[in-house]
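Participant: My numbering numbers the first residue of the sequence shown as 292 and each following residue consecutively. Beta carbons: idealized from backbone N, C-alpha and C, even for Gly.
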Amino acid sequence: MEASQYLNPQEETASVDQLRAWQLERLQKIVRHVWRNAAFRKLFEEQGVGPDDVKTLEDITKLPMVSKDIFRQTYPLGLCCVDEREIAEMHMSSGSTGTPVVMPYTRNDLTQWGECMARCYRMAGAQPGDVTQITPTFGLFNGGFGFYHGARTAGLFIVPASSGHTQRQVTLAKDFGTKVFGAVVSYGIRFLEERNAMGIELPAMKIGIFGAETFSDELKKRLTAGLEIEAFDIYGMTETGGVGTLGQDCSAHNGIHVWEDHYLAEVLDPMTHKPVADGQVGELTITSLTREALPVIRFRTGDLTRILSRERCACGRTHLRIAPVTGRIDDMLIVKGVNFFPRQVEQALLEIPGVLPNYQIIIEERDGVKDVRIHVEAEAGVTGYMVEKHLKERLQFSPKGDVFAPGTLPRQEGKAQRVFYEKKD
Ligand SMILES: [Zn+2]
292 MEASQYLNPQ EETASVDQLR AWQLERLQKI VRHVWRNAAF RKLFEEQGVG PDDVKTLEDI
352 TKLPMVSKDI FRQTYPLGLC CVDEREIAEM HMSSGSTGTP VVMPYTRNDL TQWGECMARC
412 YRMAGAQPGD VTQITPTFGL FNGGFGFYHG ARTAGLFIVP ASSGHTQRQV TLAKDFGTKV
472 FGAVVSYGIR FLEERNAMGI ELPAMKIGIF GAETFSDELK KRLTAGLEIE AFDIYGMTET
532 GGVGTLGQDC SAHNGIHVWE DHYLAEVLDP MTHKPVADGQ VGELTITSLT REALPVIRFR
592 TGDLTRILSR ERCACGRTHL RIAPVTGRID DMLIVKGVNF FPRQVEQALL EIPGVLPNYQ
652 IIIEERDGVK DVRIHVEAEA GVTGYMVEKH LKERLQFSPK GDVFAPGTLP RQEGKAQRVF
712 YEKKD
């Protein structure tokens, strides 16, 4: 693969020994850095760990873990580890449970974000001067600005479309020859529907970078075929510094490379918090090694994944690869003793010819007993019975299926809500 596929060839293809050496040196430094913050210091002291107790990388298991709760308890800037005058920008995720999670950035943090994100752009095949259309919102949500900082670092021609106005998005893509399309997964589908309705060809579009929601293989196939693009799974979250900070898959599409010179990834058993063997599913836990304003230490992402490989990839990169996130611990649904994730429902639905990728999972509860009803859009000829029969075969239980005409289920901007609860008496 040619050198232009890399933004930072030395870092991206460094030997594993070199990566581990960087990680240890940076982990020791970051532990001393967060020690300046009272909330972090308290967590360390409760765990009986001092700022100089990291001697080897394995010592990370002695450090306290942080979860979303501490962000909420210290809102707005109680976790910040630098003087507030050094903050250059902030982003925030609303979350579903109330108090938002705030992420402040120093100028160096913005550079770090831009670099991680630009590596992703380059890994997807974007070259300087390529037109990139950014469709996540520019605002408190980190998506729009994350793509923006990365596209600046990667030297791209930026069309900062932001979210919504889908007809205009299609027109912009045509008029400016968008090659690289960045979006929240469900918005990719919305864009495809509108493009089809308008009957416009987009021959310049080659690359789609999708994030913020889990992505079933079937949905990816539809986006890839419908828009005639190569689709990439980008990864990152507010707490790690935003979209693209953690990494993305490469053109080998054999797992998501995690930028190990910037982040230390552990996959832990969600109950015991002990590391699971490579290949086993667990909760991804992330330590930021190079961030200043608010580096996380062993942050429990809530995302379930597994380590696929630590070997050098076909693309030449040495950074470990994880499986695309299969679900979130909080999203796991349990109905009549069967565990499942919304993503499995999506995968099963889209295997039925004529079914469209707009659906709702409704959990109906009556006298404490839960049932699942699926609302899904489909073309004429698909019946509720066909949906029920297929889901019964693929998921170990029998949801009810209701079929709706194309375009009749509600659409949302941004992340799509898929699961709804209804209590019946
Ligand atoms: Zn690779």
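Quick one: is P586 buried, meaning 16 or more other Cβ sit within 10 Å of its Cβ, or exposed?
Facilitator: Here the question's residue 586 lines up with position 295 in the sequence shown. Buried, by the Cβ-count rule.
Participant: Judging by CA-CA distance, which residue of V636, K627, Y676 and L682 is the nearest neighbour of T655?
Facilitator: Residue 655 sits at position 364 when you count from the first residue of the sequence shown. Thr is not the amino acid found at residue 655; the sequence shown has Glu there. Minimum Cα distance to E655 is reached at K627.
Participant: Cβ of E583 within 8 Å of Cβ of V373?
Facilitator: In the sequence shown, residue 583 corresponds to position 292, counting from 1. In the sequence shown, residue 373 corresponds to position 82, counting from 1. Yes, the pair counts as a contact, with Cβ atoms nearer than the cut-off.
Participant: Can you give me the C-alpha to C-alpha distance between Q364 and L599, rounded to a whole angstrom?
Facilitator: Position 73 of the sequence shown, counted from the first residue, corresponds to residue 364. Position 308 of the sequence shown, counted from the first residue, corresponds to residue 599. Between Q364 and L599, the C-alpha separation is close to 35 Å.
Participant: Is it buried or exposed for Q403, if we count other Cβ within 10 angstroms and need 16 for buried?
Facilitator: Against the sequence shown, residue 403 aligns to sequence position 112. Classification of Q403: buried, given that the 10 Å Cβ count is 16 or more.
Participant: So, with DSSP's three-state summary, where would you put A474?
Facilitator: Taking the first residue of the sequence shown as position 1, residue 474 is located at position 183. Correct three-state label for A474: strand.
Participant: Does the Cβ of A584 lie closer than 7 Å to at least one heavy atom of ligand 1?
Facilitator: Here residue 584 refers to the residue found at position 293 when the sequence shown is read from its first residue. No; taking the cut-off as 7 Å, the Cβ of A584 has no heavy atom of ligand 1 nearer than that.
Participant: Taking D421 as the reference, give the member of V471, A329, G434 and L463 with the closest Cα.
Facilitator: Translated into the one-based positions of the sequence shown, residue 421 becomes position 130. For D421, the nearest C-alpha among the options comes from V471.
Participant: Around the C-beta of K715, are 16 or more other C-beta atoms found within 10 angstroms, so that it is buried, or is it exposed?
Facilitator: The residue you call residue 715 lines up with position 424 of the sequence shown. Burial call: exposed.
Participant: Ligand 1 and C604: does the residue's C-beta get closer than 7 Å to at least one heavy atom of that ligand?
Facilitator: For the purposes of this step, residue 604 is taken as residue 313 along the sequence shown, with counting starting at 1. Yes.
Participant: Locate the alpha helix (DSSP H) running through E406, then write down its first and last residues.
Facilitator: Within the sequence shown, numbered from 1, the residue matching residue 406 stands at position 115. Counting along the chain, the alpha helix (DSSP H) containing E406 begins and ends at R398 to M414.
Participant: For I665, which residues of its own chain have a beta-carbon under 8 Å away from its beta-carbon, when the five flanking residues on both sides are left out?
Facilitator: Counting from 1 along the sequence shown, the entry for residue 665 is found at position 374. Around I665: V636, L640, Y650, Q651, I652, I653, V678, L682, P690, K691, G692 and D693.
Participant: Around the C-beta of A294, are 16 or more other C-beta atoms found within 10 angstroms, so that it is buried, or is it exposed?
Facilitator: The residue you call residue 294 lines up with position 3 of the sequence shown. The predicted model places A294 with a pLDDT of 47, which falls under 50 and marks its position as unreliable; any figure quoted below should be read in that light. Label assigned to A294: exposed.
Participant: Spatial neighbours of G468 within its chain, please: C-beta separation below 8 Å, excluding the five flanking residues on both sides.
Facilitator: To locate residue 468, count along the sequence shown from 1; it is residue 177. Hits under 8 Å: V422 and A495.
Participant: List the endpoints of the continuous alpha helix (DSSP H) containing M677.
Facilitator: Here residue 677 is taken as the residue at index 386 of the sequence shown, counted from 1. Segment G675 to R685, the alpha helix (DSSP H) holding M677.
Participant: Would you report the Cα separation of H548 and T515, rounded to the nearest angstrom?
Facilitator: Position 257 of the sequence shown, counting from 1, holds the residue named residue 548. Position 224 of the sequence shown, counting from 1, holds the residue named residue 515. Rounded to whole angstroms, H548 to T515 spans 21 Å at the Cα level.
Participant: Sort L354, R332 and D308 by Cα distance to H564 and report the nearest one.
Facilitator: Walking along the sequence shown from the start, residue 564 turns up at place 273. Checking every option, the nearest Cα to that of H564 belongs to L354.
Participant: Drop a sphere of 10 angstroms on the beta-carbon of Q301, count the other beta-carbons inside from all chains shown, and report buried for 16 or more, exposed for fewer.
Facilitator: On the sequence shown, position 10 is the one that residue 301 refers to. So Q301 counts as exposed.
Participant: Please determine, among L686, R612, M394 and Q571, the residue with the shortest C-alpha to C-alpha distance to M528.
Facilitator: Residue numbering aside, residue 528 sits at position 237 when the sequence shown is read from its first letter. The shortest Cα separation from M528 among L686, R612, M394 and Q571 belongs to M394.
Participant: Which stretch, first to last residue, makes up the beta strand (DSSP E) that contains Q424?
Facilitator: Locating residue 424 in the sequence shown gives position 133, where the first residue counts as 1. Note, Q424: beta strand (DSSP E), V422 to I425.
Participant: For the 8 Å Cβ check, are there 3 or more pairs between the segment 476 to 484 and the segment 605 to 623?
Facilitator: The segment 476 to 484, when compared against the segment 605 to 623, does not touch it at the 8 Å Cβ threshold.
Participant: In the DSSP assignment, find the beta strand (DSSP E) that holds G607 and state where it starts and stops.
Facilitator: Counting from 1 along the sequence shown, the entry for residue 607 is found at position 316. G607 -> no beta strand (DSSP E), and no H or E assigned at all.
Participant: From what residue to what residue does the alpha helix (DSSP H) around E637 run?
Facilitator: Translated into the one-based positions of the sequence shown, residue 637 becomes position 346. P633 to L641 is the extent of the alpha helix (DSSP H) around E637.
Participant: Please return the same chain residues whose Cβ sits closer than 8 Å to the Cβ of F711, not counting the five positions on each side in sequence.
Facilitator: What you label residue 711 is simply residue 420 of the sequence shown in a count that begins at 1. Closer than 8 Å at the Cβ level, and outside the excluded window around F711, lie Q651, I652, I653 and I654.
Participant: CB-CB under 6 Å to G675, same chain, minus the five flanking residues each way: which ones, in chain order?
Facilitator: As a position in the sequence shown, residue 675 is number 384, starting the count at 1. Hits under 6 Å: G692, D693 and V694.
Participant: Considering A522, what are the terminal residues of the beta strand (DSSP E) in which it resides?
Facilitator: Taking the sequence shown and counting its residues from 1, one reaches residue 522 at position 231. Counting along the chain, the beta strand (DSSP E) containing A522 begins and ends at E521 to Y526.
Participant: For F362, which residues from the same chain have a beta carbon less than 6 Å from its beta carbon, with the 5 sequence-adjacent residues on both sides left out?
Facilitator: Residue 362 sits at position 71 when you count from the first residue of the sequence shown. V392.
Participant: Pull the bridge partners of N630 from the DSSP assignment, please.
Facilitator: By 1-based counting over the sequence shown, the position of residue 630 is 339. Answer by DSSP bridge pairing, in chain order: I625.
Participant: Rounded to whole angstroms, what is the Cα-Cα separation between R612 and Q708?
Facilitator: Mapped onto the sequence shown, residue 612 falls at position 321. Mapped onto the sequence shown, residue 708 falls at position 417. Distance between the alpha carbons of R612 and Q708: 28 Å.
Participant: Is there contact between the segment 445 to 458 and the segment 491 to 508, where contact requires at least three CB pairs shorter than 8 Å?
Facilitator: They do not touch, by the three-pair rule.
Participant: Counting Cβ pairs closer than 8 Å, one from the segment 549 to 559 and one from the segment 571 to 578, do we hit at least three?
Facilitator: These segments touch.
Participant: With 16 as the cutoff for other CB atoms within 10 Å, does K320 come out buried or exposed?
Facilitator: Walking along the sequence shown from the start, residue 320 turns up at place 29. K320 is exposed by the Cβ-count criterion.
Participant: Following the continuous alpha helix (DSSP H) through G434, name the residue where it begins and the one where it ends.
Facilitator: Residue numbering aside, residue 434 sits at position 143 when the sequence shown is read from its first letter. From DSSP, the alpha helix (DSSP H) with G434 extends over G434 to A445.
Participant: Does A329 pass the burial test, meaning 16 or more other C-beta atoms within 10 Å, or should it be called exposed?
Facilitator: Residue numbering aside, residue 329 sits at position 38 when the sequence shown is read from its first letter. Exposed is the call here.
Participant: DSSP state of E583, grouped into three classes?
Facilitator: As a first step, residue 583 must be located in the sequence shown, where it is residue number 292. Residue state, collapsed to three classes: coil.
Participant: Do you know offhand how far A696's Cα is from D658's?
Facilitator: Counting from one through the sequence shown, the residue named residue 696 turns up at place 405. Counting from one through the sequence shown, the residue named residue 658 turns up at place 367. When rounded, the distance between both Cα atoms is 32 Å.
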